[in-house]
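Here's the structure, in structure tokens; my notes come after.
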Amino acid sequence: MRATRTNAVRSRLSVLLAFLAGLCAIVGCTANGALAADEPRPPLAVQFSLDRPIDATAAPFVMAASGGLFSAEALAVTTNIASGSSDAIARVAAGTSDFALVDINALMRFRDKDKQGGPRIKAVFVLFNKAPYAIIARKSRGVRALTDIEGKTLGVAEGDLSVRLWPAVALQNGIKIKSVKQSSISAAVREPMLSAGQIDAVTGFSYLSAINLKDRGVPADDLAVLKFAEYGCEAYGFAIIVNPALAAAKPEAVKGFLRAAIGGLQIAIKDPANAAAEVANRMDGGSKDLELERLQTILRDNILTSEVKRNGIGAIDPARFERSIDQVAEDFKFQKRPQTSDIFDDQFLPPLNGRLIH
Numbered sequence: 001m002r003a004t005r006t007n008a009v010r011s012r013l014s015v016l017l018a019f020l021a022g023l024c025a026i027v028g029c030t031a032n033g034a035l036a037a038d039e040p041r042p043p044l045a046v047q048f049s050l051d052r053p054i055d056a057t058a059a060p061f062v063m064a065a066s067g068g069l070f071s072a073e074a075l076a077v078t079t080n081i082a083s084g085s086s087d088a089i090a091r092v093a094a095g096t097s098d099f100a101l102v103d104i105n106a107l108m109r110f111r112d113k114d115k116q117g118g119p120r121i122k123a124v125f126v127l128f129n130k131a132p133y134a135i136i137a138r139k140s141r142g143v144r145a146l147t148d149i150e151g152k153t154l155g156v157a158e159g160d161l162s163v164r165l166w167p168a169v170a171l172q173n174g175i176k177i178k179s180v181k182q183s184s185i186s187a188a189v190r191e192p193m194l195s196a197g198q199i200d201a202v203t204g205f206s207y208l209s210a211i212n213l214k215d216r217g218v219p220a221d222d223l224a225v226l227k228f229a230e231y232g233c234e235a236y237g238f239a240i241i242v243n244p245a246l247a248a249a250k251p252e253a254v255k256g257f258l259r260a261a262i263g264g265l266q267i268a269i270k271d272p273a274n275a276a277a278e279v280a281n282r283m284d285g286g287s288k289d290l291e292l293e294r295l296q297t298i299l300r301d302n303i304l305t306s307e308v309k310r311n312g313i314g315a316i317d318p319a320r321f322e323r324s325i326d327q328v329a330e331d332f333k334f335q336k337r338p339q340t341s342d343i344f345d346d347q348f349l350p351p352l353n354g355r356l357i358h
């Protein structure tokens, strides 16, 4: 009777030990059997695509990497360079990249044209609260305001995103778009042709073409930078997109990536000179001074807007976003007009107090 009772106790103890061993395997235990709740998570390797060669636009991500913010979120981030927003979006759709920084208006067009039935990519964070679209002109060639563009020659580089919103801006400002001669040019000669006076103006990004022209010796007081955002353009600009499979399987990783990006932006805002130096060091022949001017322009014109100061970084105003979709539709005929929720998903954003810019 005693032996039977002893065997029963041993059997129950074996079952209990097996259960505890299984529990440790699931949640992790220390050597002495205590739960290892504070042990660091192994880093998750993720691919991040930029839609163009690195410049000051990437400062938040450069500073997040150099400041250890990605690693603090248990992320091992590798950056790759795509050949434009469409290519970067395609990489995320295919799963070869997990995240990408792309033009959110290009995302609208990509989704509408996607006939393969692929994953429905969405933006989860808006970096540029105002798109950098602009016409950059020479005052010496008679262009000082947007209405002066009528009768002039406008250079448009292949793949330029600004010209896609030009019809909406022209309509809103009563400009006869047919009166403006558009000349298709290579992106490589856009600034040289304007500098040489072969064309009157170009479309482009305000923080790129204008600063590049000054670097080429064009006097700053001869440049008219006609920002579409100042002429009624409602468009948002660069945004972070994520692969839906990663977002579904590892939502905390997406949240961690966004927290790190916000932290990197805060660092860049507090010390733009150091951020510009870090960016220039990662460029082929980069100039710290040039990237500092570019970063300061981006922060002032595209990121630290009144909307961001009021509502925090990363989010959108739904009513404004709906109006921006209508403006995109002036140039692009949607097969099915998207709704805001088709393009932007705010579920991974930190609470407001984690998105306020200090």
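UniProt numbering puts the first residue of the sequence shown at 1, with every later residue one more than the last. Beta carbons: idealized from backbone N, C-alpha and C, even for Gly.
Residue range 288–298 is occupied by the alpha helix (DSSP H) that includes Asp289. Secondary structure of Asp103 (DSSP, three-state): strand.
Secondary structure note for Lys309: it is in no beta strand (DSSP E), and the uninterrupted alpha helix (DSSP H) holding it is 306–311.
Between Ile298 and Phe321, the C-beta gap is not smaller than 9 Å, which leaves the two residues out of contact. For Gln47, the enclosing beta strand (DSSP E) covers residues 44–50. Considering only Glu330, Pro351, Asp301, the residue with the shortest C-alpha distance to Arg164 is Glu330. For Tyr236, the secondary structure class from DSSP, reduced to helix, strand or coil, is coil. Beta-bridge analysis with DSSP links Tyr207 to no other residue. Cβ atoms of Ala260 and Ala76 stay farther apart than 8 Å, at about 12 Å. The stretch 117–199 contains, as complete beta strand (DSSP E) runs of 3+ residues, the segments 122–126, 133–138, 153–157, 181–185 (chain order).
Going by beta carbons, Pro132 and Gly264 fall outside the 9 Å limit. Tyr236 places its beta carbon less than 9 Å from that of Ile104. As computed with DSSP, Val242 is found in a beta bridge with Phe99, Lys122.
Counting C-beta atoms within 10 angstroms of its own C-beta, Gln335 has fewer than 16 neighbours from the protein chains shown and is therefore classed as exposed. Of all alpha-carbon atoms in Val126, Lys113, Asp55, the one lying nearest the alpha-carbon of Leu304 is that of Val126. Gly151 is positioned such that its CB atom lies closer than 9 Å to that of Ser179. Boundaries of the beta strand (DSSP E) around Thr79: 75–81. Nearest Cα to Gly354 within the set Gln327, Leu292, Ile199, Asn311: Asn311. Sixteen is the threshold: since fewer than 16 other Cβ atoms of the shown chains lie within 10 Å of the Cβ of Arg41, the residue is exposed. Under the DSSP definition of a beta bridge, Lys227 partners with Ala134. A direct Cα-Cα distance of roughly 16 Å separates Leu69 from Lys270.
Beta-carbon to beta-carbon, Ile136 and Val202 are separated by about 5 Å, close enough to satisfy the 8 Å threshold.
For Ile262, the enclosing alpha helix (DSSP H) starts and ends at 251–270.
In summary, Ala220 is exposed, with fewer than 16 beta-carbon neighbours lying within 10 Å of its beta-carbon over all protein chains present. It is roughly 10 Å from the alpha-carbon of Ile54 to the alpha-carbon of Thr79. According to DSSP, residue pairing for Phe344 in a beta bridge involves Ala123. Of the candidates Lys333, Pro351, Gln327, Gln327 places its Cα closest to the Cα of Ala168. In the structure shown, Ala247 falls within a helical segment according to DSSP collapsed to helix, strand and coil. Separation of Gln182 and Met193 (C-alpha to C-alpha, rounded to the nearest whole angstrom) is 14 Å. Rounded to the nearest whole angstrom, the CA to CA distance from Thr96 to Asp148 is 46 Å. As a beta-bridge residue in DSSP terms, Gly314 pairs with Val126. Excluding sequence positions up to five before and after Ala247, its CB lies within less than 6 Å of the CB of Val254, all in the same chain and listed in chain order. Counting only the Cα atoms, Arg138 lies some 11 Å from Glu191.
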